[in-house]
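One line per chain: the protein sequences are A and B, in this order. Numbering follows this note's numbering, in which position 72 of the first sequence is assigned residue number 131; successive positions increment by one, without gaps. Numbering follows this note's numbering, in which position 109 of the second sequence is assigned residue number 1522; successive positions increment by one, without gaps.
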Amino acid sequence: AQTVTQSQPEMSVQEAETVTLSCTYDTSESDYYLFWYKQPPSRQMILVIRQEAYKQQNATENRFSVNFQKAAKSFSLKISDSQLGDAAMYFCAYRTFTSGTYKYIFGTGTRLKVLA
Amino acid sequence: EADIYQTPRYLVIGTGKKITLECSQTMGHDKMYWYQQDPGMELHLIHYSYGVNSTEKGDLSSESTVSRIRTEHFPLTLESARPSHTSQYLCASTYFNEQFFGPGTRLTVL
Chain A
60 AQTVTQSQPE MSVQEAETVT LSCTYDTSES DYYLFWYKQP PSRQMILVIR
110 QEAYKQQNAT ENRFSVNFQK AAKSFSLKIS DSQLGDAAMY FCAYRTFTSG
160 TYKYIFGTGT RLKVLA
Chain B
1414 EADIYQTPRY LVIGTGKKIT LECSQTMGHD KMYWYQQDPG MELHLIHYSY
1464 GVNSTEKGDL SSESTVSRIR TEHFPLTLES ARPSHTSQYL CASTYFNEQF
1514 FGPGTRLTVL
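In structure tokens form, the structure reads like this:
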């Protein structure tokens, strides 16, 4: 069974600085998708970035980028030029196809605090 | 933000009551999901649906039931609420490679 591990329950970053959130996963599949989701306090969870496993190039979305190391099964999220609005819970997720449908397996989350 | 709605947003109810948490989406997505999430914790899949008249239990055992009579509607029902059901319930739908989440229902059972 696939698992997703986020070993950092909480991280802090100074405004305008860069922070990296860690995520590792375990799978025997060769083709899959990985995601980072952001859940602001009392607000809707939204997709930050996604990575297709067969693509070697790391995904980038504005200030957000990933470091995808397929062999190491590592999928970290880098946030550059951190802003106060980046404060949220961040969840790493793995998408698997099982029992005829896609299922998403989430990590335990990392709470990011942005210091002014 | 995606067009996926959940009502009520907050619910406080007594033990033994029957409740239905509503979830609807206007995007025409076939695949829909219910997750249970305790505060600050990971999401656990409790139900999912491929499409109309298709529902399956998720990985986390739940005493709730779901139905999918219409594509846009995926309600979750608890026949007899208990304090152990206190949690946040998130509804989601999926299209291609993206999962869209509703705002969640925070349920407290006294």
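Each residue gets a CB set at the ideal place from its N, CA and C atoms; glycine is no exception.
Give the secondary structure of residue 85 of chain A by DSSP, where H, G and I count as helix, E and B as strand, and everything else as coil.
Position 26 of the first sequence, counted from the start, is the residue given in the question as residue 85 of chain A. Residue 85 of chain A falls in the strand class under three-state DSSP.
Smallest Cα separation from residue 141 of chain A: which of A:97, A:174 and A:96?
Mapped onto the first sequence, residue 141 of chain A falls at position 82. That would be A:174, whose Cα lies nearest to the Cα of residue 141 of chain A.
Within this structure, are the beta carbons of residue 131 of chain A and residue 172 of chain A separated by less than 8 Å?
Working through the first sequence from its first residue, we reach residue 131 of chain A at position 72. Working through the first sequence from its first residue, we reach residue 172 of chain A at position 113. Not closer than 8 Å, so no.
Identify whether residue 1498 of chain B lies in helix, strand or coil by the three-state DSSP scheme.
On the second sequence, position 85 is the one that residue 1498 of chain B refers to. DSSP places residue 1498 of chain B in helix when its eight states are reduced to three.
For residue 104 of chain A, would you say it is in contact with chain B, using Cβ-to-Cβ distances shorter than 8 Å as the test?
Taking the first sequence and counting its residues from 1, one reaches residue 104 of chain A at position 45. At least one chain B Cβ lies under 8 Å of residue 104 of chain A.
For the segment 1505-1517 of chain B, which residues have a CB atom closer than 9 Å to at least one CB atom of chain A, in sequence order?
Answer set for the segment 1505-1517 of chain B: 1505, 1507, 1510, 1511, 1512, 1513, 1514, 1515, 1516 and 1517.
What's the C-alpha gap between residue 76 of chain A and residue 139 of chain A?
Mapped onto the first sequence, residue 76 of chain A falls at position 17. Mapped onto the first sequence, residue 139 of chain A falls at position 80. So the alpha carbons of these two residues sit roughly 6 Å apart.
Provide the residue(s) that pair with residue 1508 of chain B in DSSP beta bridges, ordered along the chain.
As a position in the second sequence, residue 1508 of chain B is number 95, starting the count at 1. Answer is B:1511.
Would you mind telling me which residues of chain B sit closer than 9 Å to residue 43 of chain A, beta carbon to beta carbon, in chain order?
The question about residue 43 of chain A has no answer here: the residues shown for chain A are numbered 60 through 175.
Measure how close the beta-carbons of residue 1495 of chain B and residue 1428 of chain B come, nearest whole angstrom, since I'm counting them as under 8 Å.
Residue mapping note: residue 1495 of chain B aligns to position 82 of the second sequence, counting from 1. Residue mapping note: residue 1428 of chain B aligns to position 15 of the second sequence, counting from 1. That pair is a contact at about 6 Å.
Assign residue 1437 of chain B to one of two classes, buried (16 or more other C-beta atoms within 10 Å of its C-beta) or exposed (fewer than that).
Residue mapping note: residue 1437 of chain B aligns to position 24 of the second sequence, counting from 1. By the neighbour-count rule (16 or more Cβ atoms within 10 Å), residue 1437 of chain B is buried.
With a cut-off of 8 Å, do at least 3 Cβ pairs link the segment 1444-1464 of chain B to the segment 149-165 of chain A?
In short, these stretches touch, since the Cβ pair count reaches three.
Check whether the Cβ atoms of residue 108 of chain A and residue 118 of chain A sit closer than 8 Å, and answer yes or no.
Sequence index remark: in the first sequence, residue 108 of chain A carries index 49 (1-based). Sequence index remark: in the first sequence, residue 118 of chain A carries index 59 (1-based). Against a cut-off of 8 Å, the Cβ pair of residue 118 of chain A and residue 108 of chain A comes out as a contact.
Smallest Cα separation from residue 1447 of chain B: which of B:1454, B:1523 and B:1471?
For this step, residue 1447 of chain B is matched to residue 34 along the second sequence. Nearest option by C-alpha distance: B:1471.
Name the one or two DSSP bridge partners that residue 1419 of chain B has.
Numbered from its first residue, the second sequence carries residue 1419 of chain B at position 6. For residue 1419 of chain B, which the question treats as bridged, DSSP gives the partners B:1436.
Can you name the start and end residues of the beta strand (DSSP E) that residue 1446 of chain B belongs to?
Within the second sequence, the letter at position 33 stands for residue 1446 of chain B. Start and end: 1444-1450.
For a quick check, are the C-beta atoms of residue 1450 of chain B and residue 1435 of chain B less than 8 Å apart?
Reading the second sequence from its first residue, position 37 is the one you call residue 1450 of chain B. Reading the second sequence from its first residue, position 22 is the one you call residue 1435 of chain B. Taking 8 Å as the Cβ cut-off, residue 1450 of chain B and residue 1435 of chain B do not qualify as a contacting pair.
In its own chain, which residues sit with a C-beta less than 6 Å from the C-beta of residue 98 of chain A, not counting the 5 before and 5 after it?
Within the first sequence, residue 98 of chain A is the residue found at index 39, counting from 1. Hits under 6 Å: 104, 147 and 148.
Leaving out five residues before and five after residue 92 of chain A in sequence, what residues of the same chain have Cβ atoms less than 8 Å from its Cβ?
By one-based count along the first sequence, residue 92 of chain A stands at place 33. Answer for residue 92 of chain A: 109, 110, 111, 112, 153 and 154, listed in chain order.
Find the residues of chain A that neighbour residue 1423 of chain B, judging by a C-beta separation of less than 8 Å, and give them in chain order.
Taking the first residue of the second sequence as position 1, residue 1423 of chain B is located at position 10. None at all; the shortest Cβ gap to chain A is about 10 Å.
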